[in-house]
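In full-length UniProt numbering, the protein residues as written are 1 to 944.
Note that CB positions come from ideal geometry on N, CA and C, so glycine has one too.
Quantities reported herein were computed from a predicted structural model and do not represent experimental measurements.
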Amino acid sequence: MSLQWPKVVQHQATQPPRAHKPNRNNMARNNNRQADPPASERRSYGRISSHIQKQQHDPPVDDDSTIPITGTTRQLLPPSVLRNPGGGGAYSNNNNETKVSGINGGFASSDANQHIELRSRRISARSRAKFGSDEKKDSWMHTAADKLADWMPRTPKAMVVTFCALLGIACIAQLSYHPAVTGALESAGGVTQRKLQRNPTSAEEGGNPDFLDDFDQRRRRAADLPDGTVFSEPAHTRMCRSIITRLDAFDAGTTSFEQVIFTESEYVCRNPDSPYTSVLNMFAAQLLHEANNQIGLNVDYTHRCAKWERFCTGNMTTVQFHLPDPLSMNAYAWQDGCIDAAMLRTICTNSLASADPTDPDNILFPSGYLDTDTNTCNLGCYFNQVLPWLRNNLRIVATDWLNTVESRALTFWLRNAAEFSHREKDDMEVSVVGLSCAEEGCDMTQESCVCEFTPLPNWVYAMHIPRSSTNVAIVVSPTCAKFGEGCTLHAQELYHFFHTLYPRADITYNVITATSSWYMRMITADVLVCPPGEGCLLPAIARDAYTYVYEKTDPTVSTWLTCVPDNYLTRLTVPTYPPAFVQGDCRHLRARIGAWSPDMALAPSLQYSSPVDGYLGCADTNFVATAEDPYRPPTTYRWDESVWATCPVEVMTKNELCTQMDRLGLTRMLFVGDHTTMTQAVSLASILGQNSDISLDTSVVPNFTKTITCAGTTIGSFELSYIRNDRLEEPGTTPSPGFPNCGPTNEQFCYPWSTDYSSFAGKQLLIMNTGYHWADDWQGYITNFQNFVGVIDDAAGANAMRKNDVLMFRTSVPGHKECDLHNGVYAHYGEYCPRIVNGAFWHWWGELPPYNDYAIRIINEWNLLNTVKNGPNIELLDPWLMSVLRPDGHLSGSDAGPSCTLDPKECMLYSLPGPVDWWNHLLVQQLADVGTHLENSNPMQAWR
């Protein structure tokens with residue numbers, strides 16, 4: 001929907017914006033009355049008036065009057081006493097004698113009138129010294145000096161009132177000469193107002209209409225014609241009239257035309273409610289500029305929106321103001337043959353004859369973009385020509401915006417969580433949800449307007465916005481907030497929902513009136529998600545990736561976005577609306593919002609058939625069951641999904657795991673990682689009843705392999721293996737018990753794993769983790785994780801079988817401070833958050849969340865490179881929230897018992913059975929979703 005432009009407006013003798021408009025009603029009542037001052041000055045006058053009125057109602061103060069001082073009645077000295085040359089200090093009362101002590105000695109007198117006489121003489125003496133001592137004593141100057149002495153204020157309050165009154169009179173006098181006031185008074189008095197005078201070289205058809213107002217007004221002004229006319233139509237409408245006139249002359253034989261330059265209308269440049277339509281208006285004019293100049297009509301366009309900026313403040317809030325002037329076209333050549341003279345005439349003629357000649361679609365989509373019979377679209381060469389212009393110019397504006405407001409954005413809009421206060425900007429990941437009306441056209445000055453708003457289900461945002469986001473911003477257009485039914489409510493619901501879904505992120509919700517800021521936030525965000533609406537269309541085509549703009553397709557497509565060329569569609573995703581939940585998508589939602597609940601009925605199925613040897617099983621081995629506590633408390637909880645109950649985490653069984661391994665044709669499950677990964681591998685082996693002969697003795701190599709039989713399946717069995725590698729790196733040596741081989745101080749164990757992985761003959765499931773052993777070496781972690789992804793890609797390049805593997809990265813889970821004091825679970829993240837610790841003493845647990853965030857970002861990038869990488873996509877196994885809510889069950893937990901005491905306390909590793917078992921329950925559920933996803937050939941959704 002395009003804007004309805006007002007009729008042509010004539011500007012005459014425009015007043016400066018900061019000048020106050022005279023009150024014509026008051027002037028009618030009193031022609032001699034001065035124009036009312038501005039509001040700010042009226043407030044000052046009001047304060048002065050209150051002082052004067054108060055003074056008028058106070059009783060007169062004579063020299064012998066009395067006022068109460070400190071509870072007593074004392075004789076009042078004249079106010080002039082307080083201004084004696086020696087300084088007027090404090091009152092004192094000694095035997096009813098009134099004194100004033102000056103800071104420079106002052107004087108003391110029992111006769112107040114004596115001081116008045118002395119003071120008058122001093123003033124007269126100073127006056128005679130100034131004007132000449134030989135003058136007569138009774139001259140007018142002496143009289144004036146005496147009168148001045150009598151008129152001087154006599155109290156401190158009177159001094160303030162007098163000063164303010166004099167200041168006000170001076171301001172009024174100055175204001176009376178201001179052009180705005182004099183012009184208004186002349187107009188009210190019947191005097192013809194002045195029009196802006198300038199000597200342009202020609203009118204609009206013959207010269208540049210842009211000019212500045214009289215310089216004495218000290219501000220920019222930009223009428224379109226010398227007589228003050230301001231055009232209300234967008235430039236492309238006016239250009240079409242000129243183009244048709246020149247085409248007629250061209251057909252008649254004219255071959256040379258003088259240059260005419262059209263600038264953009266004020267209503268386009270300063271429109272704060274319809275940035276989409278306004279920007280398209282500007283590029284429609286640019287298209288006409290390029291097309292007619294191919295013929296030689298010499299009708300040019302440059303928007304000059306900056307001339308409409310008010311008050312010279314530089315506060316240009318619409319995105320139109322910030323577009324390059326002239327628009328940048330150099331990098332994108334004109335497509336020859338797109339618009340010839342006949343087509344140009346047809347476009348302009350049809351546009352001017354249409355119901356709305358100001359609609360930019362008349363120029364950009366002269367034949368429309370949709371075939372309603374087949375529901376297919378074709379942009380034609382017109383908009384295809386404009387697309388790269390739009391993208392390039394918006395990206396220029398975005399770059400400038402980042403360079404100018406980045407520091408403010410990082411402290412205001414992109415505020416960092418305390419957990420990341422020491423991080424650099426590169427660690428930030430900003431996701432933006434843009435809410436706008438389906439079609440523009442509403443004006444904020446209207447009382448009511450039809451704004452169609454169609455929200456998305458909450459699970460859609462969870463699918464697209466990565467859990468690694470450090471900032472999630474909900475930005476709402478003012479028209480959507482005011483007129484869109486359910487728009488504000490949806491934004492508020494998202495605000496609270498995101499606080500739960502992204503507990504470590506900074507969540508903001510803003511109704512943004514500045515369209516420049518609104519557009520730039522959407523363009524520069526790492527991730528952009530938008531329900532159907534025109535507000536996101538232009539920012540979407542200016543972005544490179546992670547852009548999800550929903551569009552209605554039933555009964556027809558609602559916008560041109562799905563019609564853009566493939567090189568644009570590869571940069572964004574245009575899902576259909578309403579969104580449909582696809583089988584297998586539960587893996588993006590599961591275990592992200594939930595809580596632990598005690599379940600004694602489920603507890604028997606959470607126990608092992610045989611205990612784990614060593615320190616991991618110490619607590620369970622020493623536990624003595626009672627009728628009241630038949631099972632160790634940490635083994636009696638179940639995980640409940642709070643939002644997505646259709647995506648539960650169910651207790652795994654051997655049959656279920658075998659089914660999923662067989663379904664995917666996987667013949668090995670390989671765990672690679674540090675001690676926490678070993679705990680997960682031992683947990684899975686114990687659930688499957690295969691935990692015998694797994695030694696936890698530090699003098700023994702910790703790696704192991706178990707064969708799991710799967711009766712009735714095609715694979716028959718699969719291998720369950722673990723290789724210890726604390727940092728997912730291979731230094732070229734092999735460690736041995738007591739002889740570590742990696743890490744900055746050579747204290748970690750990094751057994752080789754890549755050759756074993758790459759040379760395996762069958763398909764396999766690789767589960768890996770790293771993070772705990774990087775301390776605060778952020779750069780080291782980044783380099784290592786990138787190298788790890790490279791190893792995966794090289795392995796797939798060398799062995800085609802690796803392309804069919806299933807890879808999962810498990811997030812790192814921090815420990816819990818004072819775990820020996822906990823015998824229960826946290827109800828929600830808010831209970832855990834105040835207990836977050838960091839530093840060397842706490843093994844840098846606080847570094848693990850940002851390490852996870854970085855890993856997720858690299859995984860998302862990896863999954864996006866479908867055409868250039870060799871290796872398979874990497875899935876995410878994320879038990880982070882499940883685990884941070886479990887301060888119980890650690891090796892040094894309250895349930896461990898005195899015989900399991902460790903020194904120092906171990907509050908990161910868990911006893912078995914316990915919370916780690918749920919990592920494996922989650923693993924099997926995620927594996928089932930991967931199988932469903934692959935069976936249905938659904939397009940891979942990058943892990944969020």
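{"Check": "Contact check, Asn823 vs Ser894, beta carbons under 8 Å", "Outcome": "yes"}
{"Check": "C-beta contact flag for Glu429 and Ser469 at 8 Å", "Outcome": "yes"}
{"Check": "Residue closest to Met661, alpha-carbon to alpha-carbon, out of Gly771, Ala711 and Ser695", "Outcome": "Ala711"}
{"Check": "Residue of Leu720, Asp640, Val924 and Thr302 minimising C-alpha distance to Pro655", "Outcome": "At residue 655 the sequence reads Asn, which differs from the Pro that was named. If we check each option's Cα against that of Asn655, Val924 comes out closest."}
{"Check": "Buried versus exposed, by CB contacts within 10 Å (16 or more), Thr667", "Outcome": "buried"}
{"Check": "Helix, strand or coil at Lys157 according to DSSP, with G and I counted as helix", "Outcome": "helix"}
{"Check": "Sheet register partners of Asp640 (DSSP bridge)", "Outcome": "Ala595"}
{"Check": "N- and C-terminal bounds of the alpha helix (DSSP H) containing Arg663", "Outcome": "Lys654 to Leu664"}
{"Check": "Per DSSP, cross-strand counterpart(s) of Ser736", "Outcome": "Phe739"}
{"Check": "Segments of 3+ residues assigned as beta strand (DSSP E) that fall wholly inside the region 289-340", "Outcome": "299-301"}
{"Check": "Within 8 Å, strictly: CB atoms of Val806 and Glu875", "Outcome": "yes"}
{"Check": "Residue of Ala491, Asp888 and Ala525 minimising C-alpha distance to Val511", "Outcome": "Ala491"}
{"Check": "Reduced DSSP secondary structure (H/G/I, E/B, other) of Phe704", "Outcome": "strand"}
{"Check": "Among Gly594, Asn271, Pro457 and Val916, the one whose alpha carbon lies nearest that of Tyr608", "Outcome": "Val916"}
{"Check": "Limits of the alpha helix (DSSP H) - the one that Leu537 falls within", "Outcome": "Leu537 to Ile541"}
{"Check": "Sequence-distant residues of its chain with Cβ nearer than 8 Å to Tyr276 (five each side left out)", "Outcome": "Glu440, Glu534, Gly535, Leu537 and Leu538"}
{"Check": "Environment of Arg835 [buried if 16+ CB atoms lie within 10 Å]", "Outcome": "exposed"}
{"Check": "Residue interval of the alpha helix (DSSP H) (run including Asn362)", "Outcome": "Asp361 to Leu364"}
{"Check": "Residues of its chain near Val825, where Cβ-Cβ distance is below 7 Å and the 5 sequence neighbours each way are ignored", "Outcome": "Trp596, Tyr637, Leu885, Arg886 and Asp888"}
{"Check": "Cross-strand partners of Arg668 (DSSP beta bridge)", "Outcome": "Glu719 and Gln764"}
{"Check": "C-alpha distance - Ser242 paired with Asn293, whole-angstrom precision", "Outcome": "13 Å"}
{"Check": "Selected residue, minimal CA-CA separation from Leu766, among Gln779, Trp389 and Arg802", "Outcome": "Arg802"}
{"Check": "Where Thr576 sits in the DSSP three-state scheme", "Outcome": "strand"}
{"Check": "Run of the beta strand (DSSP E) containing Glu875, from where it starts to where it stops", "Outcome": "Ile874 to Leu877"}
{"Check": "Given Thr745 as reference, the closest of Trp774, Ser610 and Leu344 once Cα atoms are compared", "Outcome": "Trp774"}
{"Check": "Trp334 to Phe383 span [Cα, whole Å]", "Outcome": "12 Å"}
{"Check": "Where Asn741 falls, given that 16 or more other Cβ within 10 Å makes a residue buried", "Outcome": "buried"}
{"Check": "Unbroken beta strand (DSSP E) run spanning Ala473, endpoints", "Outcome": "Asn471 to Val476"}
{"Check": "Anticipated Cβ contact below 8 Å, Thr556 with Leu528, distance rounded", "Outcome": "Between Leu528 and Thr556 the Cβ distance is about 24 Å, and since that is not below 8 Å, they are no contact."}
{"Check": "Three or more C-beta pairs below 8 Å linking the region 671-681 and the region 895-910", "Outcome": "yes"}
{"Check": "Nearest candidate by alpha-carbon position, reference Trp918, set Gln779, Arg590 and Pro531", "Outcome": "Arg590"}
{"Check": "Whole-angstrom C-beta distance between Leu684 and Leu720, which should lie under 8 Å", "Outcome": "7 Å"}
{"Check": "Stretch-stretch touch, CB-based, cutoff 8 Å, three pairs: the region 557-571 with the region 497-509", "Outcome": "no"}
{"Check": "Backbone CA spacing between Asn863 and Arg724 [nearest angstrom]", "Outcome": "26 Å"}
{"Check": "For Ile396, the three-state DSSP class (helix, strand or coil)", "Outcome": "helix"}
{"Check": "Nearest-angstrom Cα separation, counted from His303 out to Asp251", "Outcome": "29 Å"}
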